[in-house]
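S.K.: Sequences listed follow chains A and B, in order. All residue numbers for the first sequence refer to my numbering, where the first residue is 1 and numbers rise by one. All residue numbers for the second sequence refer to my numbering, where the first residue is 262 and numbers rise by one. The beta carbon of each residue, even a glycine, is placed where N, CA and C say it ideally should be. Would you mind keeping the following structure in view while I ask a few things?
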Amino acid sequence: MSCDNIRTHFHAYLDGELDVLRSLEFEEHLKGCSSCSGAHQEYRSLRTAMATPSLYFRAPRGLERKLRSAVRKAAHDETSRPAWRWTWIWNRPAWLAPFAAAALVMVVSLHLLNQHWTEDRRAQEMVSAHVRSLMVYHLTDVASSDQHTVKPWFNGKLNFSPTVIDPSTEGFPLIGGRLDYVADSPVAAIVYQRRKHYINLFVSPANQTATTKVDLHSLHGYNLFHWLQGGMEYWAVSDVNKNDLQQFVELVREAPAGIAR
Amino acid sequence: MEEQDKLARFEQDIMPHMNAAYNLARWLSSNDSDAQDVVQESYLRAFKFFGGFRGGDSRAWLLRIVRNAFYDWLKHNRREETGQPFEEELEHAVDTSARPDALLLEKADHELLHKTIGELPLEFREILVLRELEGFSYKEISAIACVPLGTVMSRLARAREQLRTQLIRRLQKEGV
Numbered sequence: 001m002s003c004d005n006i007r008t009h010f011h012a013y014l015d016g017e018l019d020v021l022r023s024l025e026f027e028e029h030l031k032g033c034s035s036c037s038g039a040h041q042e043y044r045s046l047r048t049a050m051a052t053p054s055l056y057f058r059a060p061r062g063l064e065r066k067l068r069s070a071v072r073k074a075a076h077d078e079t080s081r082p083a084w085r086w087t088w089i090w091n092r093p094a095w096l097a098p099f100a101a102a103a104l105v106m107v108v109s110l111h112l113l114n115q116h117w118t119e120d121r122r123a124q125e126m127v128s129a130h131v132r133s134l135m136v137y138h139l140t141d142v143a144s145s146d147q148h149t150v151k152p153w154f155n156g157k158l159n160f161s162p163t164v165i166d167p168s169t170e171g172f173p174l175i176g177g178r179l180d181y182v183a184d185s186p187v188a189a190i191v192y193q194r195r196k197h198y199i200n201l202f203v204s205p206a207n208q209t210a211t212t213k214v215d216l217h218s219l220h221g222y223n224l225f226h227w228l229q230g231g232m233e234y235w236a237v238s239d240v241n242k243n244d245l246q247q248f249v250e251l252v253r254e255a256p257a258g259i260a261r
Numbered sequence: 262m263e264e265q266d267k268l269a270r271f272e273q274d275i276m277p278h279m280n281a282a283y284n285l286a287r288w289l290s291s292n293d294s295d296a297q298d299v300v301q302e303s304y305l306r307a308f309k310f311f312g313g314f315r316g317g318d319s320r321a322w323l324l325r326i327v328r329n330a331f332y333d334w335l336k337h338n339r340r341e342e343t344g345q346p347f348e349e350e351l352e353h354a355v356d357t358s359a360r361p362d363a364l365l366l367e368k369a370d371h372e373l374l375h376k377t378i379g380e381l382p383l384e385f386r387e388i389l390v391l392r393e394l395e396g397f398s399y400k401e402i403s404a405i406a407c408v409p410l411g412t413v414m415s416r417l418a419r420a421r422e423q424l425r426t427q428l429i430r431r432l433q434k435e436g437v
């Protein structure tokens, strides 16, 4: 082996990727060539230096918990899409009528159950949207603590005008706004902050104008408040504690009508 | 249930490689919070594609996802701090083997090593982490980084050469 030839094999030899025959040739050459053996020695020192465990970054505490809950949520999302089809009932012969009647009773009761599910599923989607906003480096489209900047930003992007308030004096600074999609419908997401926690306030048109009381949900460690007001549906989602979030919700609910609509 | 089974298998196979995922993401992104974001995104992707994982080395499989997630993140964030340009060193990098610097190199402490590796170009950092810190074979690296075997060899050689040159330069400047 010539010196040039040896150079190309340094690293493969060092990494144990050279076959036996070439390894022997390599070692043979090193014995008789001080220049090559010097270089070889250097790379070995370098490797030894890099073998120190302190170069290895270990995952910080809390990351595992975060990963587990994110993955479990993803797993839950995958399973929570019911795929029932009821159309087959109509294609059966008449003697199946009693069964169909029984099935109908079931359908009705399932429907009632389903209303309950819909709300749960929607809560689920809101949590997903909240988590997504914090995860994919996309918390806001318009970053501003000025409600008169955030509110007009939605003009032309949505066919409704969301409530934007500025409760910074109460300890909930406005961070900005974002256009989001939940269950294939556009929603306005207004982002506020409470200490280190973010609050996503999702606003979308409701199909009724009644004002409802506030429902509290808890999902995967997030708190959600849900209510209807002035023809709009509101979801406030955050990992901040219940009391703080409730205080925030009250501020939003008390916002003057002029700003709310 | 099938989904429960998938989750259980995922947690058993993939969760243990969290440190490897974080280590790679941390070296590539150069800071903790971005690294955590990249790892979390990687785990979600990994879970999504886990059904298609046909056994084999799950750590290599995961790190390939981490690597892709990182480059997507980089594209999204357009932060081009990919280390120093390395062309300048290549000219005389080849014939420095005569210098007996082995003793000098042994004096490189952890801090200096850390800093020097951290300032290498991304592709060099990546290959050094996969080889020196994770101990993957050339073939595995080739699969993880989606490059031919020959590129793995030449890139590793250049990465080490540059690391060596930079370290020596710094050590000499410090007068060690």
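1) Do A/V191 and A/I165 have their C-beta atoms closer together than 7 Å?
2) For my contact list, A/S204 and A/E170 are in at a C-beta cut-off of 8 Å; report their separation, rounded to the angstrom.
3) To which residues of the same chain is A/I199 closer than 8 Å at the C-beta, ignoring the five residues directly before and after it?
4) For A/E129 and A/A189, which I take to be in contact (beta-carbon distance under 8 Å), what is that distance rounded to the nearest angstrom?
5) Using 10 angstroms around the beta-carbon of B/A296, count the other beta-carbons present and answer buried if the total reaches 16, otherwise exposed.
6) Mind checking B/E387: buried by the 16 CB within 10 Å criterion, or exposed?
7) Evaluate contact between the region 26-36 of chain A and the region 272-281 of chain B, counting only Cβ atoms and requiring at least three cross-stretch pairs below 8 Å.
8) Could you check whether the Cβ of A/V71 sits closer than 7 Å to any Cβ belonging to chain B?
9) Whole angstroms is fine: what's the gap from B/E393's alpha carbon to B/L285's?
10) Return the first residue and the last residue of the beta strand (DSSP E) that A/A188 is part of.
11) Whose C-beta lies closer than 8 Å to the C-beta of A/T212 among residues of the same chain, with five residues either side of it excluded?
12) Kindly list, in the order they appear in chain B, the residues whose Cβ is closer than 8 Å to that of A/Y43.
13) Out of B/L366, B/N292, B/L410 and B/L335, state which residue places its alpha-carbon closest to the alpha-carbon of B/R427.
14) Under DSSP, the beta strand (DSSP E) around A/V237 begins and ends at which residues?
15) Could you tell me which residues DSSP pairs with A/W227 in its beta bridges?
16) Report the three-state DSSP secondary structure of A/I175 (helix, strand or coil).
17) Grouping DSSP H, G and I as helix and E and B as strand, with all else coil, what is B/L381?
18) Measure the alpha-carbon distance for B/G312 versus A/R253 and round it to whole angstroms.
19) Excluding the five sequence neighbours on either side, which residues of its own chain have a C-beta within less than 8 Å of the C-beta of B/E352, listed in chain order?
20) State buried or exposed for A/H148, treating a residue as buried only when at least 16 other CB atoms are found within 10 Å of its CB.
21) Taking just the CA atoms, how far does B/F314 sit from B/K267?
22) I need the DSSP call for A/H9, collapsed to helix, strand or coil.
23) Within 7 Å (strictly less), CB to CB, does B/N329 reach chain A?
24) How is A/H217 classed by DSSP in three states: helix, strand or coil?
25) Mind pulling the chain B residues with CB within less than 7 Å of A/K66?
26) Counting only Cβ pairs nearer than 8 Å, list the residues of chain A close to B/W288.
27) When the Cα atoms are used, what is the spatial distance from A/N223 to B/D370?
28) Could you work out which residues of chain A lie near B/Q297, taking near to mean beta carbons separated by less than 8 Å?
29) Going by beta carbon distance, what residues of the same chain come within less than 6 Å of A/G62, once the five residues before and after it are set aside?
30) Comparing C-alpha positions only, which one of A/V182, A/L139, A/L134 and A/V187 sits nearest to A/N155?
31) Roughly how many angstroms lie between the CA atoms of B/K309 and B/V299, to the nearest whole one?
M.R.: Per the coordinate set shown:
1) For the purposes of this step, residue 191 of chain A is identified with residue 191 of the first sequence, where counting begins at 1. For the purposes of this step, residue 165 of chain A is identified with residue 165 of the first sequence, where counting begins at 1. Cβ distance not < 7 Å, so A/V191 and A/I165 don't count as in contact.
2) Counted from its first residue, the first sequence places residue 204 of chain A at position 204. Counted from its first residue, the first sequence places residue 170 of chain A at position 170. Not a contact, Cβ separation roughly 24 Å.
3) Within the first sequence, numbered from 1, the residue matching residue 199 of chain A stands at position 199. So the qualifying residues of the chain are F172, V191, Y192, Q193, A236, V237, S238, V240, L245 and F248.
4) Within the first sequence, residue 129 of chain A is the residue found at index 129, counting from 1. Within the first sequence, residue 189 of chain A is the residue found at index 189, counting from 1. Reading off the sequence shown, one finds Ala at residue 129 of chain A, where the question assumed Glu. About 7 Å separates the Cβ atoms of A/A129 and A/A189, confirming a contact at the 8 Å cut-off.
5) Numbered from its first residue, the second sequence carries residue 296 of chain B at position 35. The residue in question, B/A296, is buried, as its Cβ has 16 or more Cβ neighbours within 10 Å.
6) Along the second sequence, read from residue 1 onward, the residue named residue 387 of chain B stands at position 126. Answer is buried; the Cβ neighbour count reaches 16.
7) Touching, no.
8) Numbered from 1 along the first sequence, position 71 holds the residue referred to as residue 71 of chain A. Yes, A/V71 counts as interfacial toward chain B.
9) Locating residue 393 of chain B in the second sequence gives position 132, counting from the first residue. Locating residue 285 of chain B in the second sequence gives position 24, counting from the first residue. Distance between the alpha carbons of B/E393 and B/L285 is about 12 Å.
10) Here residue 188 of chain A corresponds to residue number 188 of the first sequence, with the count starting at 1. Its beta strand (DSSP E) spans residues S185 to R194.
11) Position 212 of the first sequence, counted from the first residue, corresponds to residue 212 of chain A. Same-chain partners within the cutoff: W227, L228 and Q229.
12) Taking the first sequence and counting its residues from 1, the one referred to as residue 43 of chain A is at position 43. Chain B residues near A/Y43: R421 and R425.
13) Position 166 of the second sequence holds residue 427 of chain B. Going by the sequence as given, residue 427 of chain B is Gln instead of Arg. Per the Cα distances, B/L366.
14) Within the first sequence, numbered from 1, the residue matching residue 237 of chain A stands at position 237. First-last of the beta strand (DSSP E) with A/V237: M232 to S238.
15) Your numbering for residue 227 of chain A matches position 227 in the first sequence. Its beta-bridge partners are A/Y234.
16) Reading the first sequence from its first residue, position 175 is the one you call residue 175 of chain A. A/I175: strand per DSSP, three-state reduction.
17) By 1-based counting over the second sequence, the position of residue 381 of chain B is 120. Three-state result, B/L381: coil.
18) Counting from 1 along the second sequence, the entry for residue 312 of chain B is found at position 51. Counting from 1 along the first sequence, the entry for residue 253 of chain A is found at position 253. Roughly 45 Å between the two C-alpha positions.
19) Residue mapping note: residue 352 of chain B aligns to position 91 of the second sequence, counting from 1. Note that B/E352 scores a pLDDT of 40, beneath 50, so its modelled location is shaky; the value from the coordinates is reported in the next line. Contacts found: none.
20) As a position in the first sequence, residue 148 of chain A is number 148, starting the count at 1. Classification of A/H148: exposed, given that the 10 Å Cβ count is below 16.
21) Start at 1 with the first residue of the second sequence, and residue 267 of chain B comes out as number 6. Start at 1 with the first residue of the second sequence, and residue 314 of chain B comes out as number 53. Cα-Cα distance, rounded: 11 Å.
22) Within the first sequence, residue 9 of chain A is the residue found at index 9, counting from 1. In the structure shown, A/H9 sits in coil (DSSP, three-state: anything other than H, G, I, E or B).
23) Locating residue 329 of chain B in the second sequence gives position 68, where the first residue counts as 1. It does not; no Cβ of chain A falls within 7 Å.
24) As a first step, residue 217 of chain A must be located in the first sequence, where it is residue number 217. Correct three-state label for A/H217: strand.
25) Along the first sequence, one-based indexing puts residue 66 of chain A at 66. Correct list: Q301.
26) Start at 1 with the first residue of the second sequence, and residue 288 of chain B comes out as number 27. The answer, in chain order, is F57.
27) The sequence position of residue 223 of chain A within the first sequence is 223, counting from 1. The sequence position of residue 370 of chain B within the second sequence is 109, counting from 1. Computed Cα separation, rounded: 48 Å.
28) By one-based count along the second sequence, residue 297 of chain B stands at place 36. Those within 8 Å of B/Q297 in chain A are P60, L63 and K66.
29) Looking up residue 62 of chain A in the first sequence gives position 62. Result list for A/G62: empty, nothing under 6 Å.
30) The residue you call residue 155 of chain A lines up with position 155 of the first sequence. Answer by Cα proximity: A/V187.
31) As a working mapping, residue 309 of chain B is identified with position 48 in the second sequence. As a working mapping, residue 299 of chain B is identified with position 38 in the second sequence. If you take the alpha carbons of B/K309 and B/V299, they lie about 15 Å apart.
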